[in-house]
Amino acid sequence: MRSTLLASVALLCAMPVAAQDEQSTVQDDGLGGPDIIITATKRAQALSDVPIAVSAITAESLQNSGATDIRQLNQISPSLLVSSSSSESGGGVARIRGIGTVGDNPGLESSVAVFIDGVYRSRSGVGLTELGAVERIEVLRGPQGTLFGRNASAGLINIVTAKPEFETGGTAEVSYGNFDYWRLAGGITGPLIDDKLAYRLDGVFTRRDGFVTDVISGRTVNDRDRWLLRGQMLFTPTSDLEIRVTGDYAKRNEECCAASFLPFQMATRDAQGNVNVTSNNPIVGIVRGLGGVISDDTGAREAAITPGRDYRSDVTDWGLSAEVNWSLGFGDLTSITGYRDWKVSMGQDADFTNLDILARDNQTRRFRTFSQELRLNGRAFNDRLDWLVGGYYAHEKLDMTDDLRFGQDATKFLNCLVANSFSQTASSIGINGLLSPGSNGCVNSSVAAAIAGNPAIPAALRTPVALWGGLAIPGLYGYDAVAAAVGRPGDTINGRGTVEDRFQQTSRNFAIFTHNVFELVPDKLQLTIGARYTNERKTLDVDLRGDNTLCAAIAANPAFAALAAAPCAINPIASMTDSISRNEDEWTGTAVLSWKPIDELMTYASYSLGYKAGGFNLDRSPLSMSAPSLAQLEFEPEKVKSLEIGAKLDLRSFQLNLAAFRAIYDQFQLNTFNGTSYVVENIQSCRDDLNGADSDASAITGACDPDRLRGGVTSTGVELESLIFPIRDVMVNFGLTYAKSKYRNDLVGAGGRPLSPALANLPGQQMSHAPELVHTAALTWTPAVTDNIGALVYVDYRLQSAVNTGSDLFPEKRQAPVMVVNARLGLNGNDRKWQIEAWAQNLFNEQYQQVAFNGPLLGSGSVAQTASNGTPATTLFGTFLAEPRTFGLTLRTKF
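Per this note's numbering, the sequence shown runs over residues 199 to 1093.
See the structure below:
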């Protein structure tokens, strides 16, 4: 595949192409390229004059590519990858140069920050919404903190919506496509008071049937049903003062996301050390034997949902903001005030089968965020100094409830999981046929009797088999018998779990920052110095309540404690009420030296320090059963040192941007689901050789002296973006990113403690969702058909190398190289007063994974663990597939 990618690069390098533009001050001059003016640095500058790695996508580029939310920016920004998983409302992850925050745990902030109209969105998933009318989207790569109010350790996505105008105008469009897709969008703008007060109103409505079919009920899930309404007022009382007020309200009532299963397999290791992989996974037999429906035809896009369960995702999102720009003579003052209220109520059939094993009926999350940013910038010393100072304050209140509970089939399923382990032990001594999913206790009664009655068989097998076979306590089997044995007859696992865990986190972020450009040699040599001080305080209050009394009783009984793992998998403690706080202070900054040897070429070198705050894992699973403490939920801040060199060439009809980068992340925040719980670890590396102790799946070995720690993640690579106008009406974009975003060897956790066994595959490997090579290209041809009619021919594609889609890097989760192609054909009238377009997304119907995961409670282990330590691997792996081919027709008009 690498040869295919390199061949494509060689082919397209023969027809230069380039970085997307930023702002949208674009002046067409025939065969020449556009004058591209950007504002990412809070100053109006030509893109070729800005010494940072930044891309942007204009409204026209977004429209041509069919992008309506930030996930679809992948097609036209090679260093960016946005994906979603268990829910689009909370499971969205954005990565830049292979770096991002994994999973949907709301306790972790995003390494890639998302801003809409200058207001920070609390998590990447919160930004996965309809965008409405957009002026441009900017993607800044590398640590950020001295230009925008909120700091980010990997990069930033800045979305700028269309502003009110003082001339009356409007747009309207309607789209229809397969899966009964409808999208209605429109906007109107104009003056209320000439040259003083203007308004704008935009709205979007989208619905689409799901592309996953529930084989039990026949309904489809993973659908779309959302709308957005945004209103704005622009007030310009004087030529020196502009006030923009925005209010928006959005709703989503969708059912997402059901998963498909990857092909079933089981791995074992023989006496000679050979790993044998077969399709005879006993977990599949258990599920089917209990009446479950499960398919390994991933491409069928089928799910089996427990009757009465769902993947409901109901989102309400609204906010108000005010941006004030005031020219004071000596400088310009900008104030951005924002308030956001985002909440979701979710359901989840958490075992992803139609057996009622594990479910969430009503998990809720709510972010309420107030933010205030102030910036003052101006010039001094005969314009040799362009200075900027700013301050930022944010107060965020996060409320979360969780109610993960065992279902009515849990006991019989867990009986079978334990019986399967007995069966494997029995098979090792020549006794077969013990496992029987259709029988009481999930064991064959005659085989169980033969084992229990044979004194030659070790008691470690005879005793539990007697319990499971109804021989120890007549009439009671499996965990019903264990309940009686520990003094709780009649107690059960079914219907038990968390009653309603409540997490309430309050965050306060305060920062001051500055970003200054010194003209050392006018129009030739510049030095940029930026600095930021951040103070972050977080307080977590928890109220954990559970009714799984059998878990605690089994765990407390030494004779049966070994059987506690399954019933205690999701509920390590019954109840707990406590609070904890943490406070952080951090200095970050940037230094850039840029040189323009000629007007058309700029080169630069930069060094930056970045930071993302620490916090709390909002999941009860890490809490110790014997001595629970909220300190066990705490994780440390993520820090980065980044070096970059680059060059930007602007020959008008040909533009080329190049960057080479090296970043080292210390205490990288990694969130991993291991099949039963979420593991949050700060990844560091030891300067000393751990002799493989970081990959031996032991929670004890592999510690490191704190004085010998270093960053555990590195990202090294090169980026190329180009743009060419070879002939009139033709534009070609090209992008290439080569990034080695890897874990170092000799990995440890925060403070040098041994690495979590769930992460034993990480040392020395490429990170998840971090393709080594990505190539994007787009061709836009807008010929005139007649004097009054124009045409549009547009094609883009993204070609990326293989990735692992699981944060634990289990090899079963590997996604092969994939290429996604979009296309659009259209006709339009003069000045595009009307347009009609036929389009296709994922034209060749590529089937690929967004995220793969360990099926909750559905087996354990990976073939990698089998190879290293010999334990059988029986996990059933689920995956959230990307959307299949969609196609349709769009009608659009403007006035």
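Here a beta-carbon is modelled for each residue, glycine too, at the ideal position from N, C-alpha and C.
It should be emphasised that the depicted structure is a prediction, and the values quoted were computed from it without experimental measurement.
Secondary structure at Leu329: coil, using DSSP grouped into helix, strand and coil.
Scanning the region 1016 to 1085 from its first residue to its last, the whole beta strand (DSSP E) runs of 3-plus residues come out as 1016 to 1027, 1032 to 1039, 1047 to 1052 and 1075 to 1079.
CA-to-CA, the gap between Arg1083 and Arg1090 works out to about 22 Å. With contacts defined by Cβ atoms closer than 8 Å, Asn746 and Arg694 form a contacting pair. Non-local beta-carbon contacts of Glu698 in its own chain, meaning distances under 8 Å to residues more than five positions away in sequence, involve Thr599, Asp600, Asp601 and Arg743 in chain order. As DSSP reads the structure, Thr466 sits in a beta bridge with Asn474.
Within the region 615 to 701, the runs of alpha helix (DSSP H) that reach at least 4 residues and sit entirely inside it are, in chain order, 643 to 650, 657 to 666 and 676 to 683. Beta-bridge pairing by DSSP links Leu596 to Phe565 and Gln703. Distance from the Cα of Ile391 is smallest, within the candidate group Gly385, Ile925, Thr436 and Thr786, for Thr436. In this structure, Ile752 keeps its C-beta atom at 8 Å or more from the C-beta atom of Pro770. For Phe611, the secondary structure class from DSSP, reduced to helix, strand or coil, is helix. Judged by beta-carbon spacing, Ile274 lies within the 8 Å limit of Asn931, meaning their Cβ atoms are closer than that value. In this structure, the CA atom of Phe550 is about 13 Å from the CA atom of Thr874.
In summary, Leu1087 is exposed, with fewer than 16 beta-carbon neighbours lying within 10 Å of its beta-carbon over all protein chains present. For Gln546, the enclosing beta strand (DSSP E) has its first and last residue at Asp530 to Gln546. In the three-state reduction of the DSSP assignment, Lys810 falls in the strand class. By the Cβ rule, the region 889 to 900 does not count as touching the region 971 to 985, because fewer than three pairs are nearer than 8 Å. The alpha-carbon of Ala370 is positioned some 35 Å away from that of Val248.
For Thr266, no alpha helix (DSSP H) encloses it, and the DSSP letter there is neither H nor E. Take Asn943, set aside five residues on each side of it, and the residues of its chain with a beta-carbon closer than 6 Å to its own are Pro961 and Gly962, in chain order.
Closest option to Ala557, judged by alpha-carbon separation, among Val1019, Gln606 and Ala1071: Gln606.
It is roughly 43 Å from the alpha-carbon of Tyr1046 to the alpha-carbon of Ile727. Counting only the Cα atoms, Ile881 lies some 19 Å from Gly340. The three-state secondary structure of Arg818, taken from DSSP, is coil. If you check the CB distance, Val310 and Gly343 do not come in under 8 Å. Judged by DSSP in its simplified three-state form, Thr514 adopts strand. If you draw a 10 Å sphere on the C-beta of Ala760, you find fewer than 16 other C-beta atoms in it, and that means exposed.
Across the structure, Glu452 and Phe1075 are spaced so that their CA atoms are roughly 24 Å apart.
The beta carbon of Ala682 lies closer than 7 Å to those of Ile671 and Leu674 in the same chain, with the five residues before and after it left out. For the pair of segments examined, the region 859 to 874 was found to touch the region 832 to 839: the number of CB pairs separated by less than 8 Å reaches three. Annotation: the continuous alpha helix (DSSP H) that includes Pro480 extends over Pro480 to Gly487. For Cys884, same chain residues with a beta-carbon under 6 Å away, outside a window of 5 residues either side, are Cys902, Arg906, Asp944 and Val946 in chain order. The three-state secondary structure of Asn272, taken from DSSP, is helix. Annotation: the continuous beta strand (DSSP E) that includes Ala311 extends over Val310 to Ile314. For the pair Val337 and Val402, the CB atoms are not nearer than the 8 Å cut-off.
Judged by DSSP in its simplified three-state form, Val491 adopts coil rather than helix or strand.
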